[in-house]
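Protein sequences appear in the order of chains X and R.
So in our numbering the end of the first sequence lands on 137, straight run, no missing numbers.
So in our numbering the end of the second sequence lands on 694, straight run, no missing numbers.
Every residue, glycine too, gets a C-beta built ideally from N, C-alpha and C.
Structure first, commentary second.
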Amino acid sequence: MEGGFEEIEHTADVALHVWGKDLKELFINAARGMAWLLADPETVEPTVEVALDLEGFDAETLLVTWLGELLYYNETDQLVFTEFDLEEIKPTHLRGVARGGVPKETRRHIKAVTFHEMDIRPTDRGLETTIVFDV
Amino acid sequence: MVAKGDFRRIERFIWELPKGTRPDMRVPARMFADPELLDAAFRDRTVEQLINTTTLPGIVKYALAMPDFHQGYGFPIGGVAAMRTDTGVISPGGVGYDINCGVRLLASHLEQEQVAPYLQDLTAALYRSCPSGVGGKGRVRVSERELDELVTKGARWALKRGLARAEDLAHTEEGGCMPGADPSQVSARAKQRGRPQVGSLGAGNHFLEIDVVEEIYDPDVADVFGLWEGQVVVQIHCGSRGYGHQICDDYVKRLQSAVQKYGIKLPDRELVCAPIDSPEGRAYYGAMACAVNYAFVNRQVLAMGVREAFEQVLAGKVKNFDLYQVYDVAHNIAKFEEHEVDGRRVRLCVHRKGATRAFGPGRPEVPEDYREVGQPVLVPGSMGTSSYVLVGTQRAMEISWGSTCHGAGRVMSRRQALKRIWGADLRRELEEQGIVIRAGSMKGLAEEAPAAYKDVSRVVEVVHGAGIARKVARLRPLAVIKG
Chain X
3 MEGGFEEIEH
13 TADVALHVWG
23 KDLKELFINA
33 ARGMAWLLAD
43 PETVEPTVEV
53 ALDLEGFDAE
63 TLLVTWLGEL
73 LYYNETDQLV
83 FTEFDLEEIK
93 PTHLRGVARG
103 GVPKETRRHI
113 KAVTFHEMDI
123 RPTDRGLETT
133 IVFDV
Chain R
212 MVAKGDFRRI
222 ERFIWELPKG
232 TRPDMRVPAR
242 MFADPELLDA
252 AFRDRTVEQL
262 INTTTLPGIV
272 KYALAMPDFH
282 QGYGFPIGGV
292 AAMRTDTGVI
302 SPGGVGYDIN
312 CGVRLLASHL
322 EQEQVAPYLQ
332 DLTAALYRSC
342 PSGVGGKGRV
352 RVSERELDEL
362 VTKGARWALK
372 RGLARAEDLA
382 HTEEGGCMPG
392 ADPSQVSARA
402 KQRGRPQVGS
412 LGAGNHFLEI
422 DVVEEIYDPD
432 VADVFGLWEG
442 QVVVQIHCGS
452 RGYGHQICDD
462 YVKRLQSAVQ
472 KYGIKLPDRE
482 LVCAPIDSPE
492 GRAYYGAMAC
502 AVNYAFVNRQ
512 VLAMGVREAF
522 EQVLAGKVKN
532 FDLYQVYDVA
542 HNIAKFEEHE
552 VDGRRVRLCV
562 HRKGATRAFG
572 PGRPEVPEDY
582 REVGQPVLVP
592 GSMGTSSYVL
602 VGTQRAMEIS
612 WGSTCHGAGR
622 VMSRRQALKR
632 IWGADLRREL
642 EEQGIVIRAG
652 SMKGLAEEAP
662 AAYKDVSRVV
672 EVVHGAGIAR
682 KVARLRPLAV
692 IKG
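Here it is as structure tokens:
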């Protein structure tokens, strides 16, 4: 699938509109979108792999947790993730790996992923949501 | 959709939206504004977010928005709400991600002319001694055990480590230590993020600024605060760094289930909350207090860095290069305070999100040497524009839970700012005004361009006019350091 995310206008912060045919694709596109906000993904060589096993109260909480986890590695080790393998995903649990590296140039810093306007909705092409980042 | 016509003007600068405007409102919403600022509230979600705030359980009297309001997460920025401690809730969305983001003002004994020849050197020295930027590592490293002690004792920890003076603590909100901090409620990850960052500025809207006192409005109060026209002062604007962010992040997630457990109906998930008197509510308060103390220490350690830079550059060149602390205020915080409600003194949990405590004369929380006039309120402007020193008032105690504005308030998104403003152009523009700039990134500079903000002077005129703080002095920037 092409795209899967687009940046949208938002006072004070940055936001993405993200979509996918199912929960798995939605989560991966959200992570790709966040990577694109952080750096030019073309300049990332995916040499580092992290394993993730996460739980959330519901799908929105899990999505915030998932992106927050990737963001944590960005803050501590400057890693930006561009490849994802989600072996298992349901609204309250996911397990998989993310691969990434340190980009040559960063675009911005993101402080947090928020619940603001987040609402995973069914559409005729699958699922979509807005994700607002505190920058 | 709520429109301007739904607001009732109850005073020149106070606009009220009655309780029934939306069926789920528990109390009215009030905005401090002039007519034009009020118009601005309809350009983003400020009004909707303020109405959302009125729906929180236990909210007393009204939800308030200070005139520097703009859209935030949960509460609008500039939002103030007081909750009953028995039936009320505490909400991370009423404090914000940067817990105890705040401002510290240091004053020198020097006039602008004495500092002018060394301004470039001073700016460079400050840039070196006060680490900035995104992942910026701080001036001190602490072990996990030390970090727990640091966040429990706040500025007293810094004093013990020789990173503070006793008089700095006396001139800090809460004495630099919020009671009730409980590090056992803080995640391992927050501690990991916080450990290397003590004494660092960070990025975003945080800055360090050398200013000159340009104008004095209230000579008597200015004198009590030790401020005079032509004096060189320094502002430090930053918060609790990754530690506070992680705590907010953790609790916004953790409390999602508490909302369900306690049957709280919320119009926005960022307003997530828990009863103050519940295990979840107490856990958040304990963790938030840790971040509050972290931020007090962070600004304290940076203050010592600023003193060091002044000594490095000015020793032997001027007679007295020392800096004394005027005050340090929190802009993002929830606190237990006593206020008068219908003639009775009541303990309330006051949320201030992008708002400053503005306690008036006589309050025991105000430092002894300021108690007769009220507490200093520090209102930084956007980069390169004026900042203000105000004083708290009795009127603020009566109508705004002892609160006032905190800054200029954003009007342009960061993305819009980047589209319209070039960092390099802006730098030149500021330099043409004679302002020295050291910035880690041109992009960060553009995102914080003055044009992206409301006019701070206008915001200050509203709080002064409404009586919820009074003007004391205006500061003009000489040098700006940004991450």
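#1: Drop a sphere of 10 angstroms on the beta-carbon of X/M3, count the other beta-carbons inside from all chains shown, and report buried for 16 or more, exposed for fewer.
#2: Give the secondary structure of R/T567 by DSSP, where H, G and I count as helix, E and B as strand, and everything else as coil.
#3: Whose CA, out of R/I475, R/V351, R/Y495 and R/V444, lies closest to the CA of R/R465?
#4: Output, in chain order, the set of chain X residues within a Cβ distance shorter than 7 Å of R/H456.
#5: Taking just the CA atoms, how far does X/R101 sit from R/G305?
#6: Give the range of the beta strand (DSSP E) segment to which R/C388 is assigned.
#7: Quick check for students: name the residue ranges of the alpha helix (DSSP H) that lie wholly in the stretch 587 to 614 of chain R, counting only runs of 4 or more.
#8: Helix, strand or coil for X/W68, going by three-state DSSP, please let me know.
#9: Should X/A51 be labelled buried (16 or more other beta-carbon atoms within 10 Å of its own) or exposed?
#10: Starting from R/Q442, trace the beta strand (DSSP E) both ways and give me its first and last residue.
#11: Answer with yes or no whether the minimum CB distance from R/Q467 to chain X is below 8 Å.
#12: For R/D279, return the contacting residues in chain X, with the cut-off set at a CB-CB distance below 9 Å.
#13: Name the chain X residues that come within less than 7 Å of R/E182, Cβ to Cβ?
#14: Going by C-alpha to C-alpha distance, which of R/L228, R/K215 and R/P229 sits closest to R/E247?
#15: Taking only beta-carbon positions, decide if X/V20 is within less than 8 Å of chain R.
#16: Taking the alpha-carbon of R/C449 as reference, which of R/V443, R/G437, R/G415 and R/Y462 has the nearest alpha-carbon?
#17: Indicate the three-state DSSP secondary structure (helix, strand or coil) for X/D121 in the structure shown.
#18: For R/M389, count neighbouring Cβ atoms within 10 angstroms of its own Cβ and tell me buried if that reaches 16, exposed if not.
#19: Would you mind reading off the limits of the beta strand (DSSP E) that contains R/Y538?
#20: Assign R/Q331 to buried or exposed, taking buried as 16 or more other Cβ atoms, counted over all protein chains shown, within 10 Å of its Cβ.
#21: Taking 8 Å as the threshold (beta carbon to beta carbon), is R/D460 in contact with chain X?
#22: Which chain X residues sit within Cβ distance under 8 Å of R/E481?
#23: Might you give, ordered along the chain, the residues of its own chain that have their beta carbon closer than 8 Å to the beta carbon of R/Q282, omitting 5 neighbours on each side?
#24: Using a cut-off of 7 Å between C-beta atoms, extract the partners of R/K215 located in chain X.
#25: Can you find the residues in the same chain that come closer than 6 Å, C-beta to C-beta, to R/A274, ignoring five residues on each side of it along the sequence?
#26: Buried or exposed: X/E11, going by 16 or more other Cβ atoms within 10 Å of its Cβ?
#27: Is there at least one Cβ from chain R nearer than 8 Å to X/F29's Cβ?
#28: Chain R beta carbons: is any one of them nearer than 8 Å to that of X/E57?
#29: How would you list, in chain order, the residues of chain R whose beta-carbon sits under 7 Å from the beta-carbon of X/G70?
#30: Would you kindly check if the distance between the Cβ of X/L40 and the Cβ of X/I133 is under 8 Å?
#31: How big is the Cα-Cα spacing for R/S489 and R/R372?
#32: When Cβ atoms are compared, which residues of the stretch 40 to 53 of chain X fall closer than 9 Å to chain R?
#33: For R/V443 and R/A433, I'd like the C-alpha separation in whole angstroms.
#34: Using the DSSP secondary-structure output, state which residues sit across from X/I30 in a beta bridge.
#35: What residue range is occupied by the uninterrupted alpha helix (DSSP H) comprising R/S624?
#36: Suppose the cutoff is 8 Å on Cβ atoms and the five residues either side in sequence are ignored; what does the same chain contact list for R/A657 look like?
Let's see:
#1: Residue 3 of chain X sits at position 1 when you count from the first residue of the first sequence. Any reading at X/M3 is ruled out, since the residue's pLDDT is 42, under 50, leaving its predicted position unreliable.
#2: Numbered from 1 along the second sequence, position 356 holds the residue referred to as residue 567 of chain R. Three-state result, R/T567: strand.
#3: Along the second sequence, one-based indexing puts residue 465 of chain R at 254. Among R/I475, R/V351, R/Y495 and R/V444, the Cα nearest to that of R/R465 belongs to R/Y495.
#4: Counting from 1 along the second sequence, the entry for residue 456 of chain R is found at position 245. Going along chain X in sequence order, the residues near R/H456 (Cβ under 7 Å) are K113 and A114.
#5: Translated into positions along the second sequence, residue 305 of chain R becomes position 94. Translated into positions along the first sequence, residue 101 of chain X becomes position 99. Rounded to whole angstroms, R/G305 to X/R101 spans 36 Å at the Cα level.
#6: As a working mapping, residue 388 of chain R is identified with position 177 in the second sequence. It is not in any beta strand (DSSP E) - R/C388 carries neither H nor E in the DSSP assignment.
#7: 605 to 610
#8: Taking the first sequence and counting its residues from 1, the one referred to as residue 68 of chain X is at position 66. If DSSP states are grouped into helix, strand and coil, X/W68 belongs with the helices.
#9: If you number the first sequence from 1, residue 51 of chain X lands on position 49. Strictly speaking, residue 51 of chain X in this sequence is Glu, with Ala absent from that position. Exposed.
#10: As a working note, residue 442 of chain R is residue 231 in the second sequence. Residues Q442 to C449.
#11: Indexing the second sequence from 1 puts residue 467 of chain R at position 256. Cβ-Cβ to chain X under 8 Å: yes for R/Q467.
#12: What you label residue 279 of chain R is simply residue 68 of the second sequence in a count that begins at 1. Result: empty, since nearest Cβ-Cβ is about 12 Å, beyond 9 Å.
#13: Residue numbering for chain R in the displayed model covers 212 to 694; residue 182 of chain R lies beyond these limits and cannot be assessed.
#14: Walking along the second sequence from the start, residue 247 of chain R turns up at place 36. Residue R/K215 is the option with its Cα nearest to R/E247.
#15: Reading the first sequence from its first residue, position 18 is the one you call residue 20 of chain X. Chain R, which has no Cβ nearer than 8 Å to the Cβ of X/V20, makes this no.
#16: Here residue 449 of chain R is taken as the residue at index 238 of the second sequence, counted from 1. Closest by alpha carbon: R/G415.
#17: Residue numbering aside, residue 121 of chain X sits at position 119 when the first sequence is read from its first letter. In this structure, X/D121 counts as coil in the three-state DSSP scheme.
#18: The residue given as residue 389 of chain R occupies position 178 in the second sequence. When all chains shown are included, R/M389 counts as buried.
#19: Residue numbering aside, residue 538 of chain R sits at position 327 when the second sequence is read from its first letter. Start and end: L534 to A541.
#20: Along the second sequence, one-based indexing puts residue 331 of chain R at 120. By the 10 Å Cβ count, R/Q331 comes out exposed.
#21: Position 249 of the second sequence holds residue 460 of chain R. Yes, its Cβ sits closer than 8 Å to a Cβ of chain X.
#22: Position 270 of the second sequence, counting from 1, holds the residue named residue 481 of chain R. The answer, in chain order, is T116, F117 and H118.
#23: Locating residue 282 of chain R in the second sequence gives position 71, where the first residue counts as 1. These residues qualify, in order along the chain: D255, R256, T257, Q260 and I288.
#24: Working through the second sequence from its first residue, we reach residue 215 of chain R at position 4. Residues of chain X passing the Cβ test: none, with the nearest at roughly 19 Å.
#25: What you label residue 274 of chain R is simply residue 63 of the second sequence in a count that begins at 1. The residues are A240, L261, T264, T265 and A292.
#26: Within the first sequence, numbered from 1, the residue matching residue 11 of chain X stands at position 9. Exposed, since its Cβ has fewer than 16 Cβ neighbours within 10 Å.
#27: Counting from one through the first sequence, the residue named residue 29 of chain X turns up at place 27. It does not: the Cβ of X/F29 has no partner Cβ on chain R nearer than 8 Å.
#28: As a first step, residue 57 of chain X must be located in the first sequence, where it is residue number 55. Not flagged as an interface residue toward chain R: X/E57, since no C-beta distance is shorter than 8 Å.
#29: Residue 70 of chain X sits at position 68 when you count from the first residue of the first sequence. D460, listed in chain order.
#30: For this step, residue 133 of chain X is matched to residue 131 along the first sequence. For this step, residue 40 of chain X is matched to residue 38 along the first sequence. No, the Cβ-Cβ distance between X/I133 and X/L40 is not below 8 Å.
#31: On the second sequence, residue 489 of chain R is found 278 positions in, with the first residue counted as 1. On the second sequence, residue 372 of chain R is found 161 positions in, with the first residue counted as 1. Answer to the nearest angstrom: the Cα atoms are 36 Å apart.
#32: none
#33: For the purposes of this step, residue 443 of chain R is taken as residue 232 along the second sequence, with counting starting at 1. For the purposes of this step, residue 433 of chain R is taken as residue 222 along the second sequence, with counting starting at 1. Cα to Cα, R/V443 sits roughly 14 Å from R/A433.
#34: By 1-based counting over the first sequence, the position of residue 30 of chain X is 28. Beta-bridge pairing links X/I30 to no other residue.
#35: In the second sequence, residue 624 of chain R corresponds to position 413, counting from 1. That residue, R/S624, is in no alpha helix (DSSP H); it is neither H nor E in DSSP.
#36: Counting from 1 along the second sequence, the entry for residue 657 of chain R is found at position 446. For R/A657, where only same-chain residues beyond five positions count, the Cβ hits under 8 Å are A628, L629, I632, W633, G634 and L637.
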